[in-house]
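Engineer: Quick one: this structure, given as structure tokens, is what I'll be asking you about.
Chains as they are written, first to last, in this note's numbering: chain A, 364 to 828; chain B, 12 to 344.
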């Protein structure tokens with residue numbers, strides 16, 4: 364099988380052995396409570412329930428009329444206890460709907476819908492109503508991805524099963540256990556966007572999946588669907604890197620994959636799509652990997668979305684004394700959190716408990732200008748120069764070196780012998796640039812408004828004279 | 012929550028949370044390792060004076076760096092090993108019999124003026140060792156231009172001493188570039204290749220320098236681009252000028268400069284394209300100085316001149332992801 368790859372990238376230790384052979388275990392929070400964030404991807408939602416309301420599993424509890432939003436559903440049946448601001452899995456804080464379970468698990472799913480006979484509008488509506496967002500990490504509303512502008516026809520849908528982050532095995536496990544659903548979800552997505560072709564990309568460290576996936580594809584009888592093997596390398600699963608590796612094409616700067624006729628969807632997202640049609644089930648359960656050397660019993664689990672991590676300890680997860688870092692997501696792009704009292708969200712692909720030996724706690728030293736960050740960059744930007752120009756306050760040069768093109772994969776920091784926090788500086792630089800743009804727009808608007816006034820004044824006077 | 016022990020110190024930091032095995036110290040260590048054979052061979056060739064020069068240069072570099080950092084109330088960073096590298100490199104490009112106080116002065120200039128004044132490790136514009144050497148070269152041209160022959164080259168001593176009028180054991184500017192009395196034959200090439208000739212402590216043995224280059228390139232400490240471009244440019248220019256190409260490559264400090272000085276991280280470009288241009292420029296200037304300049308050797312000044320251009324060469328960046336070349340875009344439309 365041909366091996367696809369991109370230029371650059373790094374090879375961090377995979378560490379997938381912790382959970383590679385652990386079947387996905389269904390668990391439930393010990394407190395019988397969930398804290399569901401009001402918004403998980405897309406524009407901010409509005410509450411549809413109030414304290415004291417009884418809700419069922421699958422009932423919509425927050426939504427917004429904006430098309431760039433994704434609704435949120437209750438993941439258990441019970442009563443809305445309170446609405447409060449909590450720590451979220453991305454390190455920020457936000458409003459959560461706290462629901463106490465009644466233990467009955469009453470489900471109210473949507474009616475089943477045949478994806479291959481319904482209209483495109485119906486299908487898109489179903490994906491939206493199921494609250495499906497990108498489960499690989501970005502949480503971008505999937506129905507928006509599946510509805511690209513008319514002038515951008517989609518020629519291929521890529522299922523992203525690369526899972527290049529160390530430790531994480533949940534996509535791998537989902538592909539093992541739910542291959543049929545993934546293939547079904549991929550077929551549905553392909554049908555919605557009207558693409559003639561679909562690809563399922565995995566890294567070559569998951570060759571054990573080949574027979575399983577091949578069988579699932581054969582069974583589906585879908586001929587436009589094929590498997591693609593990519594080299595095990597970080598960030599192979601990054602949208603831009605994967606497209607470059609598989610299609611040998613590049614997403615234009617500031618553009619979207621649809622610009623070059625492609626859509627990339629995570630394998631778990633595809634499962635959710637399949638469930639939304641076949642079962643009428645919205646996105647209310649999240650499979651994820653619990654791993655790290657400071658976790659006594661690493662495993663793959665599936666939990667109701669909104670399950671607070673602390674509620675899984677110690678019944679499901681037992682921690683070791685030497686814990687120094689809690690991460691949501693993988694070690695390359697994940698967020699470190701101050702405690703365990705945050706809910707698992709739609710895009711939480713893993714929780715890692717790291718000890719001192721595994722994580723990097725060294726402080727940065729001075730850059731020695733070795734250029735290694737340039738060699739590994741999958742976007743072919745020049746991190747060292749961006750950071751130097753930012754320090755000098757030279758935004759124009761920082762932009763030329765590729766400030767806004769950074770995908771923040773962290774490869775540069777990984778190889779940096781001086782441990783310079785390049786990514787953090789680039790993030791700060793991006794924020795500065797964004798506020799600059801916002802300011803510029805404001806000034807422009809103000810100028811336009813002023814201009815309008817002047818013109819009005821001119822007209823008024825001119826008539827008189 | 013109380014479920015995580017409060018006695019635990021939890022760390023919050025931006026991603027990524029893991030880093031590779033590479034550290035600045037390890038890189039410096041590998042560079043030092045690659046220089047050691049050259050040091051040993053230099054001591055073998057030139058005896059005690061070479062050993063003393065190397066020792067004094069390294070210790071002075073460490074002391075001056077630390078001293079400056081103490082006086083300016085900075086944190087002491089001599090542990091990173093870069094001062095040791097500068098010290099060895101400085102010693103290896105000095106004639107072995109140079110008075111030790113001059114070596115100390117050179118080290119002081121290298122560490123304080125060339126490195127610390129510009130902001131220390133990674134921030135210096137000019138290669139410290141070369142700047143130190145240039146300082147000595149213009150201050151003490153006589154001492155810096157006197158090269159003893161290695162003790163292994165006794166026959167050569169006789170030839171040259173008779174030709175130059177009987178200065179025993181020492182011959183001024185005996186690089187092949189300026190001495191017309193050397194009869195160049197295959198034995199001369201071989202002597203130059205193994206370092207059996209008058210010269211600086213570490214510049215002599217081409218064989219060992221090539222070994223160090225292979226080692227550093229394989230361990231990915233240095234990029235092959237700048238050294239290769241530099242040597243190739245000198246070779247090509249010599250060929251076009253009708254000179255002795257092989258001698259141009261083997262003699263003087265070309266190889267040492269190309270491998271160790273043109274690859275210095277802080278003072279050479281960070282981008283690959285930049286490194287190629289850097290090597291090309293250094294090679295060209297070396298050739299021009301050798302051919303038309305007043306000095307017999309041009310490696311030092313050529314690299315220092317290119318050092319000054321490095322900030323501009325850093326602007327030669329790779330094609331960024333998602334930026335299609337304009338010509339292609341037009342063709343598509």
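Cβ atoms here follow ideal geometry from the backbone N, Cα and C, with glycine treated the same way.
1) Out of curiosity, what's the CA-to-CA distance linking residue 622/A and residue 601/A?
2) By Cβ distance, which residues of its chain are closer than 6 angstroms to residue 54/B, with the 5 residues on each side in sequence left out?
3) Which one or two residues does DSSP pair with residue 458/A in a beta bridge?
4) Using CA coordinates, which residue listed in 301/B, 142/B, 268/B, 36/B is at the minimum distance from residue 290/B?
5) Show which residues of chain B have a CB atom less than 8 angstroms away from the CB atom of residue 777/A.
6) At least one CB of chain E closer than 8 angstroms to the CB of residue 797/A: is that the case?
7) Taking the straight line between their C-alpha atoms, what separation do you get for residue 79/B and residue 235/B?
8) Would you verify that the beta carbon of residue 618/A is, or is not, closer than 8 angstroms to some beta carbon of chain B?
9) By the criterion of Cβ-Cβ separation under 9 angstroms, what are the contact partners of residue 748/A in chain B?
10) Which parts of the segment 517-552 of chain A are runs of the beta strand (DSSP E), unbroken and 3 residues or longer, counting only runs that do not cross its ends?
11) Are the Cβ atoms of residue 667/A and residue 397/A separated by less than 8 angstroms?
12) For the segment 134-147 of chain B against the segment 306-320 of chain B, are there 3 or more C-beta pairs whose distance is under 8 angstroms?
13) Residue 331/B touches chain A at which residues, Cβ-Cβ below 8 angstroms?
14) For residue 142/B, would you say it is in contact with chain A, using Cβ-to-Cβ distances shorter than 8 angstroms as the test?
15) Can you tell me which residues form a DSSP beta bridge with residue 625/A?
16) Using the C-alpha atoms, what's the distance from residue 569/A back to residue 556/A?
17) Could you tell me which whole alpha helix (DSSP H) segments of length 4 or greater appear in the segment 66-137 of chain B?
18) Going along chain A in order, which residues have a C-beta closer than 8 angstroms to the C-beta of residue 20/B?
19) On the three-state DSSP scale, how would you describe residue 652/A?
20) Specify whether the segment 612-628 of chain A and the segment 519-530 of chain A touch according to this definition: at least 3 beta carbon pairs, one from each stretch, less than 8 angstroms apart.
21) Which residues mark the beginning and the end of the alpha helix (DSSP H) in which residue 314/B is found?
22) Three-state secondary structure (DSSP) at residue 717/A?
23) Can you tell me whether residue 149/B is buried or exposed? The criterion is at least 16 other CB atoms within 10 Å of its CB, across all chains shown.
24) Are any of the Cβ atoms in chain A nearer than 8 angstroms to that of residue 97/B?
25) Counting only Cβ pairs nearer than 7 angstroms, list the residues of chain A close to residue 132/B.
26) Compute the beta-carbon to beta-carbon distance between residue 509/A and residue 490/A, rounded to the nearest angstrom, for a pair I have assumed lies under 8 angstroms.
27) Of all Cβ atoms in chain B, is any one closer than 8 angstroms to the Cβ of residue 782/A?
28) Since residue 23/B meets chain A, which of its residues come closer than 7 angstroms, beta carbon to beta carbon?
29) Which runs of the alpha helix (DSSP H) spanning at least 4 residues fall entirely within the segment 719-801 of chain A, listed in chain order?
30) Using DSSP bridges, identify the partner residues of residue 414/A.
31) Are the beta-carbon atoms belonging to residue 736/A and residue 598/A less than 8 angstroms from one another?
32) Just checking: is the beta-carbon of residue 91/B within a distance shorter than 8 angstroms of some beta-carbon in chain A?
33) Cβ closer than 7 angstroms: which chain A residues qualify as neighbours of residue 262/B?
34) Taking the alpha carbon of residue 645/A as the point to measure from, which residue in 652/A, 636/A, 683/A, 651/A has its own alpha carbon closest?
35) Look at the Cβ atom of residue 836/A, then the Cβ atom of residue 583/A, and state whether they are nearer than 8 angstroms.
36) From the DSSP output, in three-state form, read off residue 506/A for me.
Structural biologist: According to the structure shown:
1) 17 angstroms
2) Setting aside the 5 residues that flank it on each side, residue 54/B is surrounded in the same chain by 61, 62, each with a C-beta closer than 6 angstroms to its C-beta; the list follows chain order.
3) Note: residue 458/A sits in a beta bridge opposite 448/A.
4) 268/B
5) At a C-beta separation below 8 angstroms, residue 777/A has these neighbours in chain B: 27, 29, 30, 31.
6) Within the model displayed, chain E is absent; protein chains A and B are what it includes.
7) 34 angstroms
8) yes
9) 281, 282, 325, 326, 328
10) 519-524
11) Between residue 667/A and residue 397/A, the gap from beta carbon to beta carbon is short of 8 angstroms.
12) yes
13) Chain A residues near residue 331/B: 616, 742, 743, 744, 765, 768.
14) no
15) 519/A
16) 28 angstroms
17) 93-103, 111-119
18) 687
19) strand
20) Note that the segment 612-628 of chain A touches the segment 519-530 of chain A; at least 3 beta-carbon pairs, one per stretch, sit closer than 8 angstroms.
21) 310-324
22) DSSP places residue 717/A in the strand class (E or B) of the three-state scheme.
23) Residue 149/B should be labelled exposed.
24) no
25) 729, 731
26) 6 angstroms
27) Taking Cβ atoms only, chain B reaches closer than 8 angstroms to residue 782/A, which makes this a yes.
28) 699, 701
29) Runs of the alpha helix (DSSP H) inside the segment 719-801 of chain A: 735-739, 746-754, 758-763, 774-778.
30) According to DSSP, which records beta bridges pairwise, residue 414/A is partnered with nothing at all.
31) no
32) yes
33) Simply none; closest approach about 30 angstroms.
34) 636/A
35) Summary: the structure shown does not reach residue 836/A, with chain A confined to residues 364 through 828, and so no result is reported for it.
36) helix
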